[in-house]
Amino acid sequence: MSTHRHDWYMSEADDGGLYHCRKCRRTHEGTVPEAHGCPVSNAEHNAVAWLGQAGLYRTRFDAVCNCEQSVTPVSANELFQLASKQVLSQLNEGRQHA
């Protein structure tokens, strides 16, 4: 069982309510469900990109379609850092050729 927490919200308040997890899209009817057991981590849920061996992908699905075996979720901050390093690398490379 996963140790990730669900991110429940209630959509119907009558007869105990209908709860939905924002991360894994699981639903639960009745009383407030258990918080633990979500298969989706916060990093996966909040990922703005996915890093694979061949490069960055917009979605996990894109990475899988490109036959990536292992991908890592990338946050907005990490993506900015990767882009900054790439720009600096290209600027330095341009100076060496000038």
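Residues 0 to 97 in numbering that gives the first Met the number 0 are what the sequence shown spells out, letter by letter. Glycine is no exception: its CB is placed at the ideal position from the N, C-alpha and C atoms.
- Query: Taking DSSP as the reference, what is the three-state secondary structure of A42?
  - Reply: helix
- Task: Just mark L50 as buried or exposed, buried being the case when its beta carbon has 16 or more other beta carbons within 10 Å.
- Result: buried
- Message: Measuring straight from C-alpha to C-alpha, what distance separates A48 and V31?
- Response: 32 Å
- Message: Is the separation between the beta-carbon of C20 and that of H44 shorter than 7 Å?
- Response: no
- Y18 classed as buried or exposed, judged by whether at least 16 other C-beta atoms fall within 10 angstroms: buried
- Task: Take N41 as the anchor and find which of F79, Q89, P72 and L90 has the nearest alpha-carbon.
- Result: P72
- Tell me, to the nearest whole angstrom, how far the beta carbon of V70 is from that of R59; I am working on the premise that it is less than 8 Å. 6 Å
- Pick out whichever of G29, Q68, E11 and W7 has its Cα sitting closest to the Cα of H35. W7
- Item | Local Cβ density within 10 Å of C66, reported as buried at 16 or more and exposed below that | exposed
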